[in-house]
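Visitor:
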Amino acid sequence: MSDIASARQLRLLRRSPSYWRVTFDNPPLNIFGPEAIPQLNEIVTALESDHDIKVVVFDSAVEGFFLTHNDFLARLEDTTNLPPGPTGLAQLPDMLVRLSRAPVVSIASIRGRATGVGSELALAIHAFCKSRKGDLVAVGSWCWPGPRRWTDGSTAAPHRSRTRAGSATERGRYSGRCG
Amino acid sequence: MLLSADDIRGDVAELYGYVNRALPDSELDEFVDALAVRIASFDKQAITETKHLVDIASLPSDAEIAPEWEACMASIARPAAQASLKTLMERGFHKPGDVENRLGYHLGHLGSRPL
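Each protein sequence line maps, in turn, to chains D and B. First residue of the first sequence? That's 0 in numbering that gives the first Met the number 0, and the numbers climb one at a time after it. First residue of the second sequence? That's 0 in numbering that gives the first Met the number 0, and the numbers climb one at a time after it.
(1) Counting only beta-carbon separations shorter than 9 angstroms, does A82 of chain B have a partner in chain D?
(2) Assign L72 of chain D to one of three DSSP states: helix, strand, or coil.
(3) Looking at chain B, is there any beta carbon in it that lies within less than 9 angstroms of the beta carbon of P92 of chain D?
(4) Measuring only the C-alpha atoms, how far is V21 of chain D from L11 of chain D?
(5) Mapping DSSP to helix, strand and coil, what is D2 of chain D?
(6) Along the region 72-92 of chain D, where does the CB come closer than 9 angstroms to a CB of chain B? Name the residues.
(7) Just mark P33 of chain D as buried or exposed, buried being the case when its beta carbon has 16 or more other beta carbons within 10 Å.
(8) Take the Cβ of G96 of chain B as the centre, count every other Cβ of all protein chains shown within 10 Å, and call the residue buried at 16 or more, exposed below.
(9) Going by beta carbon distance, what residues of the same chain come within less than 6 angstroms of F30 of chain B, once the five residues before and after it are set aside?
(10) Is DSSP giving I64 of chain B helix, strand or coil here?
(11) Say whether chain B places a C-beta atom closer than 9 angstroms to the C-beta of A60 of chain D.
(12) Return the residues of the region 56-79 of chain B that lie within a Cβ-Cβ distance of less than 9 angstroms from chain D, sorted by chain order.
(13) Around the C-beta of N25 of chain D, are 16 or more other C-beta atoms found within 10 angstroms, so that it is buried, or is it exposed?
(14) With a cut-off of 8 angstroms, do at least 3 Cβ pairs link the region 67-78 of chain D to the region 51-70 of chain B?
(15) So V55 of chain D is in the beta strand (DSSP E); what residue range does that whole segment cover?
(16) Please report the distance separating the alpha-carbon of H68 of chain D from that of A62 of chain B.
(17) Look at M72 of chain B and T79 of chain D and say whether their C-beta atoms are less than 9 angstroms apart.
(18) Which residues does DSSP list as the beta-bridge partners of A113 of chain D?
(19) On the DSSP bridge assignment, give the partners of T22 of chain D in chain order.
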């Protein structure tokens, strides 16, 4: 593995035994490539197994970009040829589902663009706050729908989502889909 | 969201329920930190059980998620997507600049001449 490929793109800071911060730090655009997959997996595994952790906040060290799309300069096979994760799903959806199920509350603190993988990560986790300054995007054909859904089964109900978003904060939950 | 493939701002994301809250930039860090500290003060078992019940109500099964991923990976390999990616790359995708800053706009103008 080259130095570039092995460079840390996610930083884990234990603010306290029960409160951790995970910071995406892959400038200049916080693109998510295959080399980030084992790094995220390591963190998700720690969140699943640590006895004290209760809350994790994901944020970004890159101005303007929370976490963006797949690395389309990398070979697609470097992602698709990875062995499936513990759930049997491919590694990225596996990690997002495991994060959804981990015994830890996860919060995305979003500044800047959350597209592709960044959007999926946000949809996989529970509380989700963002700066009004930033943009958020869900991008066309290369973004797979997020694992959350409206609890009534609908996928497009913006007039309801206003209420849902308001109550979601108090309950620490949220539902949504992206594309 | 699924088909428009456009950028939305934080306030619209809040309106759609895509995010829980959209906050003024100056308030975001304090709000998130206070929420995290507050939740971290509670009992882990209560947090875990609450989250589990929410998952039962809202998290699709792995069997439902698998075809979504497969459809995504298959779509990237198709000629139409590869042609779109090539055009985007030529216009500056994967480099700091307008395509990355306004990707939604540029996706909507793939068929037109570059600016």
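Note that the Cβ used here is the ideal one computed from N, Cα and C, for glycine as well. Just so we're clear, the structure is a prediction, and the values are computed from it rather than from any experiment.
Guide: With the structure as the only source:
(1) In the second sequence, residue 82 of chain B corresponds to position 83, counting from 1. Not an interface residue.
(2) For the purposes of this step, residue 72 of chain D is identified with residue 73 of the first sequence, where counting begins at 1. L72 of chain D: coil per DSSP, three-state reduction.
(3) Taking the first sequence and counting its residues from 1, one reaches residue 92 of chain D at position 93. Chain B contact via Cβ: present.
(4) Residue numbering aside, residue 21 of chain D sits at position 22 when the first sequence is read from its first letter. Residue numbering aside, residue 11 of chain D sits at position 12 when the first sequence is read from its first letter. For V21 of chain D and L11 of chain D, the distance between alpha carbons rounds to 5 angstroms.
(5) In the first sequence, counting from the first residue as 1, residue 2 of chain D sits at position 3. Interpretation of D2 of chain D is limited by its pLDDT of 45, a score under 50 that renders its predicted location unreliable; no figure is taken from the coordinates.
(6) Going along the region 72-92 of chain D in chain order, one finds L72, L75, T78, T79, T86, G87, L88, A89, L91, P92 with a Cβ nearer than 9 angstroms to chain B.
(7) The residue given as residue 33 of chain D occupies position 34 in the first sequence. Taking all protein chains shown into account, P33 of chain D has 16 or more neighbouring C-beta atoms within 10 Å of its C-beta and is therefore buried.
(8) If you number the second sequence from 1, residue 96 of chain B lands on position 97. Exposed is the call here.
(9) As a working mapping, residue 30 of chain B is identified with position 31 in the second sequence. Cβ neighbours of F30 of chain B beyond the five flanking positions: L22.
(10) Position 65 of the second sequence holds residue 64 of chain B. Note: I64 of chain B maps to helix in three-state DSSP.
(11) For the purposes of this step, residue 60 of chain D is taken as the residue at position 61 of the first sequence. Not an interface residue.
(12) Closer than 9 angstroms at the C-beta level to chain D, one finds these residues of the region 56-79 of chain B: A56, S57, L58, P59, D61, E63, I64, A65, E67, W68, E69, A70, C71, M72, S74, I75, A76, R77, A79.
(13) By 1-based counting over the first sequence, the position of residue 25 of chain D is 26. Under a 10 Å Cβ-count criterion, N25 of chain D is classified as buried, with 16 or more other Cβ atoms of the shown protein chains found around its own Cβ.
(14) no
(15) For this step, residue 55 of chain D is matched to residue 56 along the first sequence. Taken as a continuous stretch (DSSP letters only), the beta strand (DSSP E) holding V55 of chain D covers 54-59.
(16) Residue numbering aside, residue 68 of chain D sits at position 69 when the first sequence is read from its first letter. Residue numbering aside, residue 62 of chain B sits at position 63 when the second sequence is read from its first letter. Rounded to whole angstroms, H68 of chain D to A62 of chain B spans 24 angstroms at the Cα level.
(17) By 1-based counting over the second sequence, the position of residue 72 of chain B is 73. By 1-based counting over the first sequence, the position of residue 79 of chain D is 80. Yes. Within cutoff.
(18) By one-based count along the first sequence, residue 113 of chain D stands at place 114. Answer by DSSP bridge pairing, in chain order: D:L66.
(19) As a working note, residue 22 of chain D is residue 23 in the first sequence. D:R10, D:D58.
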